[in-house]
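Below: the structure, in structure tokens.
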């Protein structure tokens, strides 16, 4: 399931993926103040506002399909704040209260299944959260207290989906369930 729309935290602005993979934003729903931020590449996904509503994030495939790219775009300055090339990106989520992004994907130098990574936007540093391969499909979700990352696995070859959680410091990996279905989306309870 693609995430094509996200509201700012003050619920005054909305960001969407538009026709021809344009990233658009506006607040007047008659369309009078809508504008295009940037062209995102092929099949953009996971558009989301940062917690401070000053940046947006999305990922997409390069038009050559040789790599995926995660972009953090500065809304006020109208420029890319950060861009990261990866072999593949399957999901990406902002930390609820900070400048970190959890990514499920595969780094450029990796073969095989995806991992969970934690990207520090300000430092430009990405670290492994999981050392196990997580399968190519599945989503990730931050806990409301920003301490845990939940993720689902589903290999291309089929088989059961599993849900895990792991602390953001890469400790305390726990398998929560094993299900005979594909898990397409998940969300933590707010409390």
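Residue numbers (my numbering): 210 to 400.
Built from N, CA and C at the ideal position, the CB exists for glycine as well.
Opening and closing residue of the beta strand (DSSP E) in which residue i lies
i, result
"residue 281", "277-283"
"residue 359", "357-362"
"residue 384", "383-388"
"residue 370", "370-376"
"residue 223", "223-226"
"residue 331", "Element bounds for residue 331: n/a, residue is neither H nor E."
"residue 350", "349-351"
"residue 215", "214-216"
Integer Cβ distance of residue i from residue j, believed to fall under 8 Å
i, j, result
"residue 355", "residue 396", "That pair is no contact at about 15 Å."
"residue 248", "residue 230", "6 Å"
"residue 223", "residue 232", "With 8 Å as the limit, residue 223 and residue 232 do not qualify as a contact, their Cβ atoms being about 12 Å apart."
"residue 329", "residue 308", "7 Å"
"residue 276", "residue 317", "7 Å"
"residue 313", "residue 299", "5 Å"
Beta-bridge pairing of residue i - partner residues as DSSP gives them
i, result
"residue 260", "Beta-bridge pairing links residue 260 to no other residue."
"residue 266", "257, 281"
"residue 322", "Residue 322 is not bridged to any residue."
Residue i, DSSP secondary structure in three states
i, result
"residue 242", "coil"
"residue 230", "helix"
"residue 395", "coil"
"residue 380", "coil"
"residue 402", "Here the chain covers residues 210 to 400 and nothing more, so residue 402 does not appear."
3 or more residues per run - each beta strand (DSSP E) lying fully within the stretch 287-316: 288-295, 297-303, 309-315
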